[in-house]
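Protein sequence lines, in the order shown, are assigned to chains G and Z. In the working numbering, each number is its position in the first sequence, counted from 1, plus 68. In the working numbering, each number is its position in the second sequence, counted from 1, plus 73. Quick reminder that beta carbons are idealized off the backbone N, C-alpha and C, glycines included. Remember, it's a predicted structure, so these values are computed and weren't measured experimentally. Here's the structure, in structure tokens; my notes come after.
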Amino acid sequence: MTDFVHPGLLFILGALPIPFLKGSVRKAYVLLIPTLAILAVLTMHPGSYGAARFIGQEILIAKVDKLSVLFATVFSIMALIGTVYALHLTRAGQHVAAFVYVGGALGVVFAGDYLTLFLFWEGMTFASAYLVFAQRSEQALRAGFRYLMVHITGSVALLGGIILHGFATGSLLFGPIEGGLGFATCLILAGFLLNAAVPPLNAWLTDAYPEATVTGAVFMSALTTKTAVYVLARAFPGTDLLVWLGTVMALYGVIYAVLENDCRRLLAYHIVSQVGYMVAGIGIGTEMAVNGAVSHAFAHILYKALLFMGAGAVIHVTGRRKLTELGGLYKTMPVTLALYMVGAFAISAFPFFSGFVTKSMVVAAAGQDHRALVVLALTMASSGTFLHTGLKLPYYMFFGTDQGLEAREPPRNMLVAMGMAAVLCIAIGVFPQTLYALLPHPVDFEPYTGVHVTESLGVLMFTALGFVIFLRALDPENTISIDTDWLYRMGARRFMWLAEKPLARYEKAVSDVSETAALPFLHGTARAGLRIDLHGVDAFVNAVARTILAGGGALRRLQSGVVTHYALAMIAGVIAAIAVFAVAWQ
Amino acid sequence: MIKHVVDFFGDERHAKVRRRLFYLVLGLIVIADFLVFREHAEYLWERLPGWSALYGFGSCVLLIFVSKFLGHQCGLMRREDYYD
């Protein structure tokens with residue numbers, strides 16, 4: 069047997085038969101593929117697979133090392149959980165798109181060269197856009213279109229960077245980029261940062277994710293930003309710029325989350341915030357920081373999927389998504405609430421939950437690297453994380469004012485999927501060594517020290533105190549928030565206005581002038597020309613012709629053919645010549 | 074079991090017990106923070122027991138009011154039909 073089965077191809081090729089299967093056969097099949105992928109990831113050995121040459125370049129389909137295996141493990145586990153969550157779907161489309169999407173993410177994670185990476189990167193973009201379009205509402209179609217446009221722009225930058233980088237270095241193999249930030253490197257970095265949703269390139273995420281289908285958003289929350297974290301960890305560890313971008317990002321997401329009314333958009337802003345920790349960790353670049361960043365990505369995928377599943381379950385059952393319209397669901401959806409809270413404790417980094425053992429590694433690494441400001445900013449962001457995902461969202465969704473909504477627990481498969489994620493969130497928190505063993509660098513970090521536990525609890529519980537005291541200030545409001553998508557949403561509108569109003573008016577004015585003034589003038593000139601031609605030029609030519617004709621006729625009369633006439637003329641000529649000669653001689 | 078726990082947090086009947094329990098937990102955390110062993114403190118605040126509680130509370134208040142200020146006064150929050 070071969071040593072290596074590409075789990076990405078397993079998903080992509082495995083997606084093809086789904087539309088032809090029905091009922092329980094399809095259910096069994098869609099569960100089988102992620103299970104096989106998990107087995108494939110667990111049994112693979114480090115090494116390079118699928119080396120080839122293409123257009124004179126070295127291609128490496130799969131490069132397996134600890135970093136890629138770590139991400140592949142969590143992607144395939146998440147794919148299984150997401151598929152269980154989506155098992156009740158009757159249409160095949162979303163399963164197919166989700167599989168291609170996961171396959172693309174796995175393809176990127178194993179890609180040993182830029183061309184392979186780019187190919188799978190694009191596959192992810194299109195497959196994930198389908199998960200937005202599949203929601204079918206007008207709003208979702210628009211958001212999906214914007215999502216696609218933004219990502220295609222990012223991909224063009226990435227491709228440009230890859231080509232320039234390839235020309236400069238002579239190799240397209242994917243690895244740490246050395247030699248500072250040149251133009252090519254900046255383009256590649258911009259492409260990566262866009263997918264990591266680093267402000268100001270973040271708005272596509274918070275615009276599109278809440279519009280996706282309930283089941284699709286679970287996959288989206290896990291894959292796109294985390295593949296971007298992976299490529300950043302691979303290519304740009306230790307880039308100082310990323311520390312600051314990541315720190316700003318962590319606070320940016322939290323600040324916007326205060327303003328948000330849409331439950332899944334609030335969670336989406338927390339993706340931005342959490343990915344900030346990862347980006348900052350990669351920027352710090354020490355072994356501990358990179359370990360922290362990638363382990364946080366691992367934990368984040370699971371708890372974020374759990375949170376999106378919880379919010380999705382509420383939307384699935386009630387059909388409502390705004391916090392102002394929700395409330396009082398704790399009586400009818402206690403299990404959903406409990407499972408959601410596991411995710412909320414995990415993202416907030418409570419002891420014995422996954423975030424505690426991963427997020428703290430990034431913060432501790434920043435401390436060791438003598439970055440006090442980063443430590444303080446990231447700690448503040450984790451206070452904000454608990455404030456929103458752990459307090460505000462559950463309070464207004466499940467407690468708060470009872471809106472008298474008719475609700476029940478979601479379908480069993482949804483609860484099972486949430487349960488799977490919840491178990492993993494707790495398992496990682498309780499047995500961190502299992503996750504630490506998977507990390508790319510050796511781990512020298514003990515999360516469960518007395519001071520760390522009391523400090524974390526202090527920050528979190530006193531955040532809760534602030535929440536209790538200022539609860540009214542946090543009441544959700546029926547508004548939307550302006551983010552950087554304003555630039556292209558309003559920009560596009562301004563452009564259309566420019567095209568429809570001033571430009572169209574100018575075009576009309578020009579054509580009016582040509583119709584009312586220029587055209588009649590041209591017609592008049594043409595008619596005058598014709599007249600001059602007919603009456604002037606032609607008449608003159610005709611007159612000349614007639615004169616010549618008449619002269620010719622007169623001359624012809626002289627040629628009488630009678631010899632005596634000619635002789636007479638000659639004599640007259642001679643006499644005239646003599647006369648002239650005689651006169652002239654005098 | 075889950076239903077009982079959830080009801081404890083939701084039901085108005087338990088509000089008093091809930092509040093007392095909450096303040097008790099807050100007190101215990103601050104006390105514990107004074108008692109734990111600090112072997113290595115790199116920054117000034119790490120040597121300060123109770124700092125994390127203060128910082129957590131301060132962060133929470135700061136985030137709420139700075140965000141709301143940005144939302145209301147700087148025009149980040151708009152009517153829902155803003156883009157329509």
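- The DSSP-derived three-state label of G:Gln-203 is coil.
- Among the residues of chain Z, none has a CB under 7 Å from the CB of G:Pro-75; the nearest is roughly 35 Å distant.
- Proximity of chain Z to G:Thr-447 at the Cβ level (cut-off 9 Å) is accounted for by Ser-125, Tyr-128, Gly-129 and Ser-132, in chain order.
- Residues of chain Z with a Cβ closer than 7 Å to the Cβ of G:Pro-402 are, in chain order, Ile-75, Lys-76 and Val-79.
- When rounded, the separation of the alpha-carbon atoms in G:Pro-510 and G:Gly-349 is 16 Å.
- DSSP, reduced to helix, strand and coil, places G:Leu-269 outside both helices and strands of the structure shown, so it counts as coil.
- A Cβ-Cβ separation of about 6 Å places G:Ala-434 in contact with G:Ile-352 under the 8 Å criterion.
- For G:Met-192, the three-state secondary structure derived from DSSP is helix.
- Counting only the Cα atoms, G:Val-297 lies some 16 Å from G:Met-356.
- Distance check between G:Gly-150 and each of G:Leu-461, G:Gly-212 and G:Leu-291 places G:Leu-291 closest, using alpha-carbon atoms only.
- Three or more Cβ pairs closer than 8 Å define a contact, and the region 547–560 of chain G meets that threshold against the region 266–284 of chain G.
- G:Val-170 and Z:Gly-131 have their C-alpha atoms roughly 41 Å apart.
- Proximity of chain Z to G:Asn-546 at the Cβ level (cut-off 9 Å) is accounted for by Arg-152 and Glu-153, in chain order.
- Rounded to the nearest whole angstrom, the C-alpha separation of G:His-113 and G:Asp-133 is 8 Å.
- Using beta-carbon distances, Z:Lys-141 counts as an interface residue toward chain G, with a partner under 8 Å.
- Using a Cβ-Cβ cut-off of 8 Å, G:Leu-99 does not count as an interface residue toward chain Z, since no Cβ of chain Z sits closer than that to its own.
- In terms of Cβ geometry, G:Thr-293 and G:Ala-258 do not form a close pair [threshold 8 Å].
- The three-state secondary structure of G:Ser-116, taken from DSSP, is strand.
- Chain Z has a Cβ within less than 8 Å of the Cβ of G:Ser-451.
- From the listed residues G:Ala-211, G:Ser-144, G:Leu-397 and G:Ala-303, the smallest Cα separation to G:Tyr-556 is found for G:Ala-211.
- Between G:Pro-278 and G:Ala-160, the C-beta gap is not smaller than 8 Å, which leaves the two residues out of contact.
- In the same chain as Z:Leu-99, and ignoring 5 residues on each side of it, the C-beta atoms closer than 8 Å to its own belong to Ala-126, in chain order.
- Listed in chain order, the beta strand (DSSP E) runs fully inside the region 139–171 of chain G amount to none, counting runs of at least 3 residues.
- The beta-carbon of G:Ile-383 is placed no less than 8 Å from the nearest beta-carbon of chain Z.
- Contact with chain Z is found for G:Ile-550, since one of that chain's Cβ atoms lies less than 8 Å from the residue's Cβ.
- The count of Cβ pairs closer than 8 Å, one atom from the region 316–332 of chain G and one from the region 413–424 of chain G, stays below three, leaving the stretches out of contact.
- Distance check between G:Leu-539 and each of G:Leu-571, G:Thr-584, G:Val-484 and G:Tyr-464 places G:Tyr-464 closest, using alpha-carbon atoms only.
- In the three-state reduction of the DSSP assignment, G:Glu-126 falls in the strand class.
- G:Thr-547 is bridged by DSSP to Z:Arg-152.
- Each of G:Thr-103, G:Gly-621 and G:Ala-635 was checked against the Cα of G:Leu-78, and the nearest Cα belongs to G:Thr-103.
- In the three-state DSSP reduction, G:Leu-241 falls in the strand class (E or B).
- Bridge partners of G:Val-132 according to DSSP: G:Gly-115.
- Look at G:Arg-561 here: in three-state DSSP terms it is helix.
- Within the same chain, and ignoring the five residues on either side of G:Met-409 in sequence, the residues whose Cβ sits closer than 7 Å to its Cβ are Pro-462.
- Nearest in C-alpha terms to G:Leu-375, of all of G:Glu-474, G:Ala-485 and G:Met-317, is G:Ala-485.
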